[in-house]
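Heads up: the sequence lines are chains A and B, in that order.
Going by the numbering used here, the first sequence opens with residue 1, and the numbers climb by one from there.
Going by the numbering used here, the second sequence opens with residue 1001, and the numbers climb by one from there.
From the three backbone atoms N, C-alpha and C, an ideal C-beta is built for every residue, glycine too.
Note that the coordinates shown come from a computational prediction; the quantities given were computed from them, not determined experimentally.
Notes follow once the structure below has been shown.
2 protein chains.
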Amino acid sequence: MLELRLVQGTLLKKVLEAIKDLVTDANFDCSTSGFSLQAMDSSHVALVALLLRSDGFEHFRCDRALSMGMNLNHVSKLLKCASNDDIITIKADDDADTVTFMFESPRQDKIADFEMKLMDIKSEHLGIPEAEYQSIVKMPSQEFARICKDLSSIGDTAFSVVISVTKEGVKFSTRGDIGSANIVCRQNSTVDKPEDATTIQMKEPVSLTFALRYMNSFTKATPLSSSVSISMSSDLPVVVEYKIAEMGYLRYYLAPKIEDDEEQS
Amino acid sequence: MLELRLVQGTLLKKVLEAIKDLVTDANFDCSTSGFSLQAMDSSHVALVALLLRSDGFEHFRCDRALSMGMNLNHVSKLLKCASNDDIITIKADDDADTVTFMFESPRQDKIADFEMKLMDIKSEHLGIPEAEYQSIVKMPSQEFARICKDLSSIGDTAFSVVISVTKEGVKFSTRGDIGSANIVCRQNSTVDKPEDATTIQMKEPVSLTFALRYMNSFTKATPLSSSVSISMSSDLPVVVEYKIAEMGYLRYYLAPKIEDDEEQS
DNA sequence: CTTGTGCGGA
DNA sequence: TCCGCACAAG
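Written out as structure tokens, the structure is:
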């Protein structure tokens, strides 16, 4: 028996918007510690990892660990039937092949439930080692999204972005059909709100190249958090992390391009 | 001679948006009592009935009853040329085969008139008996529209919706490609505004099945009224009614599906 | 946050 | 033509 009650149902809606373009089918794993998902994108290049800790739910019951395979487009469609202020409850029996999403309006005058068949999905749960990163950039998530969008418009999403971190700041560079572009963000903690700050924790300067189109996909998570952190080390996948308030995180992992080829499909 | 002056021209625009998808050609009937229309949809399954009482017009002159056949798409196109705050006047001579729509801007600084040919349309005016309904649900029209839209998104519009009324509330159910859905709305009169209330007048519980795509078409009338009433009895067509303030109503009639087949083209 | 509107894409 | 998305207003 599994029963998860999430008062901020809109979080779940945003999570699905943030991953459904990258991953079509995935297992949601539920255990006493929380609700999580780990999946490669369909071209097996990027990895998405979601964690919603059990203590972030208003009610969290999970008698035994369950892995529930779902088509994320279907889940997204169901969640579109929930209003942003609805309370969402996810229910499943231990041996059932279906899951039920229940949406309650705040005043309890409308209750909707949707039952969906589960799928069998080959699990590929990878252990992701905790690493020390040479540089960690934290910046407003909207600013990061804007940069990725702007750089994409210069060339097209088939191009690469070079992210270079020095003590002074972080530089995003690309080269495209029209020309080349460099956007530099400097450290900046003298800001009204802490989430507007751009901070850089740098042990060593680092400069890595990534496929821009993945970065753009990652920014679908922007509504989840006002800031994003980008953790980089040479020869390690970059981690783009959006914290989910009081509950966990949504992380994207992407391996750097080894050479400095600018184009790649 | 016929001359109808409607200060709230936007009403007429909304009416046409609400019926033109269902009905392509229809007779507008004008008599001293008002301006009305009754027509079957093109597949002869649903019936649309409009009434705009003469006292709702600023000026209403109708020397003798007239039935004016029009292509509703053409009328809709003409009305798109009127601004929402324009005053609309409909004119026709008794023996003419044309009708004129005149649009005046509120400050009288712009006057447009459009003449359109009338058509001969075989009239099929049905007497609709006043019936006692086992259950009448009144709810916010936007909520009803949202429910129909959500249920359609689960399967597709080819599916059916089961509407069941009990004392506690009204339940809308469907079953689709992705899964099954139930949405329950409870009675709820402790609301700030009366039009936000959901009320149920129930003599007997009733449960009927309808083609979802027609329900969805009916919700095109949502802009006409903040609330909708759904009147049901076993073996009678459901009546979905949108009141038009101070003037009349727009009603849709739809026969229930006899069997419980879920799919139907 | 919801609603209405304008725009672009399918 | 219709639908979904993005923007702006209440």
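Among all the DSSP beta bridges, which residues are the ones paired with residue i?
i, result
"A/Q38", "A/A49"
"A/A211", "A/S160"
"B/L1118", "None; B/L1118 has no bridge partner."
"A/P140", "A/S227"
"A/K171", "A/S164 and A/V184"
"A/A112", "A/F103 and B/I1183"
"A/D29", "A/S36 and A/S67"
"A/V23", "DSSP output for A/V23 lists no bridge partner at all."
"B/S1202", "Per the sequence shown, the amino acid found at residue 1202 of chain B is Met instead of Ser. DSSP, once it has assigned bridges, lists B/S1135 as partnering B/M1202."
"A/H125", "Answer is none; A/H125 lacks a bridge partner."
"B/A1092", "B/L1002"
Identify, in the order they occur along the chain, each residue of the same chain with its Cβ nearer than 6 Å to the Cβ of residue i, setting aside the five sequence neighbours on each side.
i, result
"B/Y1214", "A1046 and L1254"
"B/P977", "The question about residue 977 of chain B has no answer here: the residues shown for chain B are numbered 1001 through 1265."
"A/K122", "none"
"B/D1261", "Low confidence applies here, because B/D1261 scores a pLDDT of 48, under 50, leaving its location unreliable; read the following figure in that light. So the list is empty, once near-sequence residues are dropped."
"A/F218", "V240 and Y252"
"A/V191", "A197"
"A/I244", "L224"
Only counting the same chain, and skipping five residues up and downstream in sequence, which positions put a Cβ closer than 7 Å to that of residue i?
i, result
"B/N1071", "T1024, D1025 and M1119"
"B/C1062", "L1002, C1030, S1031 and T1032"
"B/A1145", "T1219 and T1222"
"A/A18", "K220, A221, L224 and L250"
Throw me the rounded Cβ distance for the residue i and residue j pair, which I believe falls under 8 Å.
i, j, result
"A/Y76", "A/L22", "Before going further, note that residue 76 of chain A is Ser rather than Tyr in the sequence given. With 8 Å as the limit, A/S76 and A/L22 do not qualify as a contact, their Cβ atoms being about 12 Å apart."
"A/S135", "A/M232", "5 Å"
"A/S164", "A/T174", "That pair is no contact at about 12 Å."
"A/T89", "A/R5", "5 Å"
"B/V1137", "B/S1229", "7 Å"
"A/K149", "A/N216", "7 Å"
"B/A1112", "B/M1102", "7 Å"
Counting C-beta neighbours from all protein chains within 10 Å, is the total for residue i 16 or more, i.e. buried, or is it exposed?
i, result
"B/Q1264", "Caution is warranted here: a pLDDT of 41 is assigned to B/Q1264, below 50, making its placement in the model unreliable, and no coordinate value can be reported."
"A/L126", "exposed"
"A/H74", "buried"
"A/V206", "buried"
"A/I258", "exposed"
"B/V1048", "buried"
"A/K20", "buried"
"A/I147", "buried"
"A/I178", "exposed"
"B/K1193", "exposed"
"B/E1143", "buried"
"A/K110", "buried"
"B/N1084", "exposed"
"A/E104", "buried"
Sort the options by Cα distance to residue i and report the nearest one.
i, options, result
"A/L11", "A/S42, A/S231, A/S217 and A/M247", "A/M247"
"A/Q8", "A/A49, A/H59 and A/F218", "A/H59"
"A/N188", "A/K91, A/Y133 and A/Q201", "A/Q201"
"B/D1029", "B/L1066, B/I1090, B/N1084 and B/V1239", "B/L1066"
"B/T1032", "B/V1165, B/R1053, B/S1153 and B/V1048", "B/R1053"
"B/I1128", "B/S1234, B/L1006, B/K1257 and B/V1238", "B/V1238"
"B/S1152", "B/I1183, B/Y1242, B/D1055 and B/G1034", "B/I1183"
"A/G34", "A/S43, A/A18 and A/R64", "A/R64"
"B/L1236", "B/P1194, B/S1180 and B/L1208", "B/L1208"
"B/K1080", "B/F1114, B/M1068, B/P1194 and B/P1256", "B/F1114"
"B/D1086", "B/G1069, B/Q1108 and B/M1068", "B/Q1108"
"A/S180", "A/I154, A/E132 and A/K193", "A/I154"
"B/A1131", "B/P1256, B/K1243, B/I1244 and B/S1234", "B/S1234"
"B/G1056", "B/G1069, B/P1106, B/S1036 and B/M1068", "B/S1036"
"A/F210", "A/Y242, A/E204 and A/P256", "A/P256"
I'd like the list of long-range same chain contacts for residue i, defined as Cβ closer than 8 Å, with 5 residues on each side in sequence excluded.
i, result
"B/K1117", "D1097 and T1098"
"B/R1186", "E1168, G1169 and T1198"
"B/K1014", "A1221, P1223 and L1224"
"A/S42", "L22, V23 and T24"
"B/D1094", "M1001, L1002, D1063, R1064 and L1066"
"A/P106", "D85, D86 and I87"
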